[in-house]
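Those sequence lines, one after another, are chains R and H.
Under our numbering, the first residue of the first sequence carries the number 1, and numbering increases by one thereafter.
Under our numbering, the first residue of the second sequence carries the number 144, and numbering increases by one thereafter.
Think of the CB as a built atom: it goes at the ideal place given N, C-alpha and C, for glycine as much as any other residue.
Just so it is clear, the structure is predicted and the values come from calculations on it, not from any experiment.
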Amino acid sequence: MNVTQLSIFLENKPGHLQNALKVLSDKKINILTLTIAEAADFGIVRMIVTDAAGAAAALRDQHFTCSTTDVLAIEIEDVPGALLKALESFRKQNLNIEYMYAFTEKRGGRAVMIFRFDDIELAKKALQTEGYNILKKIDIIGA
Amino acid sequence: MFNKEFEAMPLPKMRELQRERLKWSLTHAYANVPHYKKSFDAAGFNPDTFKTLDDLRRVPFLTKQDMRASYPFGLFAVPLDKVARVHSSSGTTGNATVVGYTTGDVGVFAEVVARCLAMYGATEKDVIQVAYGYGLFTGGLGLHYGSEKLGALTVPIGGGNTERQLMLIKDFGTTMIACTPSYALNIADYLEKKRPDYDIRKTKLRAGIFGAEPWSEQMRREIESRLGIEAYDIYGLSEVIGPGVSGECSQKSGLHVFEDHFYVEIIDPDTGEVLPEGSKGEIVYTSLTKEACPVIRYRSRDITRLYYDGCACGRTLVKMEKVTGRSDDMLIIRGVNVFPSQIESVLMETEGVEPHYQIIVDRKGALDDIEVKVEVTEKIFSDELKVLEALSRRIADRFRSVLGISAKVTLVEPLAIPRSEGKAVRVIDKRTI
């Protein structure tokens, strides 16, 4: 039910992201969306890919430090104020967002966003109470 | 000359004095310190058989490890009620070495520092600002007592607080400042950036007494031109007494060793053999007069050479070349002794950190800069930035509290640290000494 996110540790230097992406490209793994969190000297690339486990194995093979984490993919309306409204319902449920990012493509006229919460199971329950559609892996990646 | 009798003593007389004092020192150490009794016996050496200076070659060395193993008072040769003061080398417990001084030793310490100050041209008319740290470190109190012994006006300001240092230089009419050479450059930087209105050349400051860390001729020129002063080297190590083991005279062509108190040899650091006159090697010290903490053939790990060819200043004391290297892996960072093994143990204590690290020492501007690169393994990796940032902060905090140094901690990718033949290169010292 959760979506698996791939995170890669990279030094903040020219060519390093390229090296990591080359590994995915060689394995014919497609990136559906990605975001980068950067500190002064390093960054964390987080992405949703077609085969997170396969990508992680290939990256480890090439001596990259990476991990896989469960995140929630949630559909929200693609209209002004929709994200604000979503955040309000998270607040009501006392859910703290560690980070979030969006898919570039819409899904049936709605936006898809990735949320990383402290406690994913608690978040899931709370969001369902609020009536959100939590996407399954298969919805995003395809069969 | 502060003490012409000894500083300009004819060589044969000096050798005879050394022979007598060496015999006393060996006998004193053997009779009163179990470590020496054991090591001399194991080497089959009895001080009674000591006849000529060359006999010292039969005596076993004392190492830094021996001193650490004797922590805290194991090498004291007198009861504690006869010990007037202790100093300690920087380092963690376990890595610290403690040295004791009787009232007599404190007097010798002050005497040798006063001789150094006199060599730099200081008299009782001078105002000497002691900007070394006061405390267990020998720098502050060593210079302080020496300056008082000379009769100079002594300003015990201690290290740091550049603005205040500058204020006192001006207000008190300071003529000499004693600090680390990197701090002197720090003052120069501060003047350039923050106080362009302060003209140090208009103050009475005319000389600096710099020690506690290795520094080069290039650094001397930089300090002299930027601060408009004469820069002199003072050398010492707490194990032997502290600063004042040797110092430069006006010739600035080597440091005179006070041979009436310290006997020096140059050895091959690998074989331990005494090298012929003029060879470059590790300098080994034997105290001749120390009561509380005699050191017999202490391996300093400092690399230098000795010149016995006299000096234009009139002193007959042997000269040692400015120390610019060490035969072991100890790093001196801003005057603090740091061993890579200590850095390693801090990393090991940090949960999940594997010891793939590299220490890079550089001189950024005026101060030594230390960076520790740590490879990020999956054990410590997180998809959350804050977790990784907290980790590097935690490691940096540990370096500060355990080693007393502030280091920049940089997280790097696996294998980012080059391995040579499978072994990581642990230390890169980019400082040009």
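Hey, is residue i's beta-carbon within less than 8 Å of any beta-carbon in chain H?
i         : result
ASP41(R)  : yes
LEU21(R)  : no
GLN5(R)   : yes
LEU10(R)  : yes
LEU87(R)  : no
THR35(R)  : no
SER25(R)  : no
ILE29(R)  : no
ILE134(R) : no
THR50(R)  : no
LYS137(R) : no
ILE140(R) : no
THR129(R) : no
ILE44(R)  : yes
Along the alpha helix (DSSP H) that carries residue i, what are the first and last residues, could you check?
i         : result
ILE259(H) : Going by the sequence as given, residue 259(H) is Cys instead of Ile. Per DSSP, CYS259(H) belongs to the alpha helix (DSSP H) from 246-262.
TYR179(H) : 177-185
GLY415(H) : That residue, GLY415(H), is in no alpha helix (DSSP H); it is neither H nor E in DSSP.
VAL610(H) : The structure shown does not extend to residue 610(H), since chain H spans only 144 to 576, so no value can be given for it.
PHE90(R)  : 82-92
ASN133(R) : Premise fails: ASN133(R) lies in the beta strand (DSSP E), 133-135, not in any alpha helix (DSSP H).
ARG442(H) : Taken as a continuous stretch (DSSP letters only), ARG442(H) belongs to no alpha helix (DSSP H), being part of the beta strand (DSSP E) at 441-447.
ASN480(H) : Segment 479-481 is the beta strand (DSSP E) holding ASN480(H); no alpha helix (DSSP H) there.
PHE315(H) : 305-315
SER430(H) : No alpha helix (DSSP H) holds SER430(H); the beta strand (DSSP E) holding it covers 424-430.
ILE120(R) : 120-129
GLN328(H) : Here residue 328(H) turns out to be Leu, not Gln, going by the sequence shown. 324-337 is the span of the alpha helix (DSSP H), which, as asked, contains LEU328(H).
With 16 as the cutoff for other CB atoms within 10 Å, does residue i come out buried or exposed?
i         : result
ILE97(R)  : exposed
LYS433(H) : buried
GLU492(H) : exposed
PRO339(H) : exposed
ASP128(R) : According to the sequence as given, residue 128(R) is Gln; it is not Asp. GLN128(R) is exposed by the Cβ-count criterion.
PRO155(H) : exposed
MET319(H) : buried
ASN94(R)  : exposed
ASP403(H) : buried
SER393(H) : exposed
SER535(H) : buried
HIS63(R)  : exposed
PRO190(H) : buried
VAL79(R)  : exposed
THR429(H) : buried
ASP445(H) : buried
ALA52(R)  : buried
PRO14(R)  : exposed
Does the beta carbon of residue i come closer than 8 Å to any beta carbon on chain R?
i         : result
PHE315(H) : no
ILE560(H) : no
VAL273(H) : no
VAL519(H) : yes
THR236(H) : For THR236(H), the pLDDT reaches just 49, beneath the cut-off of 50, and the residue's location in the model is therefore unreliable, although a value from the coordinates is still provided. Cβ-Cβ to chain R under 8 Å: no for THR236(H).
GLY565(H) : With a pLDDT of 47 at GLY565(H), under the threshold of 50, the modelled position of this residue cannot be trusted, and the question is left open.
Note the first and the last residue of the continuous beta strand (DSSP E) segment covering residue i.
i         : result
PHE219(H) : Premise fails: PHE219(H) is in no beta strand (DSSP E) and is neither H nor E.
GLY387(H) : 385-391
ILE48(R)  : 42-49
PHE149(H) : Not the beta strand (DSSP E): PHE149(H) falls in the alpha helix (DSSP H), residues 147-150.
PRO399(H) : It should be pointed out that residue 399(H) corresponds to His in this sequence rather than to Pro. Per DSSP, HIS399(H) belongs to the beta strand (DSSP E) from 398-400.
ARG132(H) : Outside the displayed range of chain H (144 to 576) lies residue 132(H), so it cannot be described from this structure.
GLU382(H) : Here GLU382(H) belongs to no beta strand (DSSP E), and DSSP marks it neither H nor E.
LEU21(R)  : From DSSP, LEU21(R) is part of no beta strand (DSSP E) but of the alpha helix (DSSP H) over 16-26.
ILE410(H) : 405-410
HIS230(H) : 228-231
SER67(R)  : 66-77
(Q) Using a Cβ distance threshold of 8 Å, determine whether the segment 241-256 of chain H contacts the segment 266-273 of chain H, with at least three qualifying pairs required. (A) no
Q. Are the segment 327-337 of chain H and the segment 286-297 of chain H touching by the rule of at least three beta carbon pairs closer than 8 Å?
A. no
Q: Flag this pair as touching only if the segment 52-62 of chain R and the segment 86-104 of chain R have three or more C-beta atom pairs under 8 Å; answer yes or no.
A: The segment 86-104 of chain R and the segment 52-62 of chain R do not touch, with fewer than three beta-carbon pairs separated by less than 8 Å.
Q. Using a beta-carbon distance cut-off of less than 9 Å, what residues from the segment 523-540 of chain H approach chain R?
A. ILE523, PHE524, SER525, ASP526, GLU527, LEU528, LYS529, LEU531, GLU532 and SER535
Q. Would the segment 11-21 of chain R and the segment 74-81 of chain R be scored as touching if the rule is three or more Cβ pairs under 8 Å?
A. no
Q: Residues of the segment 538-557 of chain H with a CB closer than 8 Å to any CB of chain R: list them in chain order, please.
A: THR553, LEU554, VAL555, GLU556 and PRO557
Q) Would you call the segment 248-256 of chain H and the segment 441-453 of chain H in contact, with 3 or more CB pairs under 8 Å? A) no
Q. Going along the chain, which residues of the segment 88-103 of chain R sit with their C-beta nearer than 9 Å to a C-beta in chain B?
A. Within the model displayed, chain B is absent; protein chains R and H are what it includes.
Q. How about the segment 322-329 of chain H and the segment 347-363 of chain H: do they share at least three Cβ pairs that are nearer than 8 Å?
A. yes
Q.
With three or more beta-carbon pairs closer than 8 Å as the criterion, would you say the segment 515-532 of chain H touches the segment 28-48 of chain R?
A. yes
**Q.** Inter-stretch contact at 8 Å, needing at least 3 Cβ pairs: the segment 151-171 of chain H / the segment 185-203 of chain H
**A.** yes
Q: Taking 8 Å as the threshold, find out whether the segment 452-462 of chain H comes into contact with the segment 474-486 of chain H through three or more Cβ pairs.
A: no
Q: Indicate whether the contact test is met: 3 or more Cβ pairs, each with one atom in the segment 167-180 of chain H and one in the segment 216-234 of chain H, closer than 8 Å.
A: yes
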